[in-house]
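**Q**
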Amino acid sequence: MWLGAASTEWSRFMTASTPAGDASFVHSAMLYRSRRECLDFAVAFVADGMRNYEPVWLGLPPDKLASLSSALGPMTDDAEVTLADITEVGRNPGRLLGLAGAFVERHRHRPVRLIGEAVWAGRSAVEYPACVQHEALVNLAFDGRRVTAVCLYDASGWPTRSWRTLGSRIR
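In UniProt numbering, the protein residues as written are 1 to 171.
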């Protein structure tokens, strides 16, 4: 169930969401089945953030960053939108929380939005458990902060076993 602002255009895409201890922090999963679905969601999420004067951090693979940047146009030139190649900055899943945390801290007096795709095509079996751990730690790190975090997952390429594991981490 999505517990964010029901009137937002992007909320129609949500597949799983639960607030952490403080209702100001929401950590959601968006399971997409096509590049178009992913892009449509991300554009709506960023545009909604910009309308609400909320800084947005996006950590995505380079092909999705390029498509998103093109779709958003000049909006990505705004100092409030940070684009990061997750395959570089998040190659080590243990770095992701520090990167997102630094962004949240820079904007600590405002609500912020985060979109990340920590598990992308090409992640190794060794890296996967660290990504699941990252999902669980996000709940602890941002509890009580005004953060809307959405983790993207390509549902077309994951085994069912992985979804069960992930579901236990997004609370």
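The C-beta atom is built at its ideal place from N, Cα and C for all residues, glycine as well. This one's a predicted model, so the numbers in the text were calculated from it and none came from an experiment.
Would you report the Cα separation of I86 and V56, rounded to the nearest angstrom?
**A** Counting from one through the sequence shown, the residue named residue 86 turns up at place 86. Counting from one through the sequence shown, the residue named residue 56 turns up at place 56. In a straight line, the C-alpha of I86 is about 15 Å away from that of V56.
**Q** Is the region 89 to 98 in contact with the region 116 to 128, if contact means three or more CB pairs nearer than 8 Å?
**A** Yes, the region 89 to 98 touches the region 116 to 128.
**Q** Do V26 and T148 count as a contact pair if the criterion is CB distance below 7 Å?
**A** Here residue 148 refers to the residue found at position 148 when the sequence shown is read from its first residue. Here residue 26 refers to the residue found at position 26 when the sequence shown is read from its first residue. Yes, they are a contact pair.
**Q** With 16 as the cutoff for other CB atoms within 10 Å, does E105 come out buried or exposed?
**A** Working through the sequence shown from its first residue, we reach residue 105 at position 105. Exposed: under 16 other Cβ atoms inside 10 Å.
**Q** Could you spell out the range, first to last residue, of the alpha helix (DSSP H) harbouring G59?
**A** Within the sequence shown, residue 59 is the residue found at index 59, counting from 1. Element bounds for G59: not the alpha helix (DSSP H) but the beta strand (DSSP E), V56 to L60.
**Q** Can you list, in chain order, the residues of its chain with a C-beta nearer than 6 Å to that of V119? Leave out the 5 residues immediately preceding and following it.
**A** Working through the sequence shown from its first residue, we reach residue 119 at position 119. C131.
**Q** So, is L140 buried or exposed, given that buried needs 16 or more other C-beta atoms within 10 angstroms?
**A** Position 140 of the sequence shown, counting from 1, holds the residue named residue 140. So L140 ends up on the exposed side.
**Q** Near V150, what residues of its chain come up, given a Cβ to Cβ distance below 6 Å and the 5 sequence neighbours on each side ignored?
**A** Position 150 of the sequence shown, counted from the first residue, corresponds to residue 150. Only S28, M30 and I115 meet the Cβ criterion.
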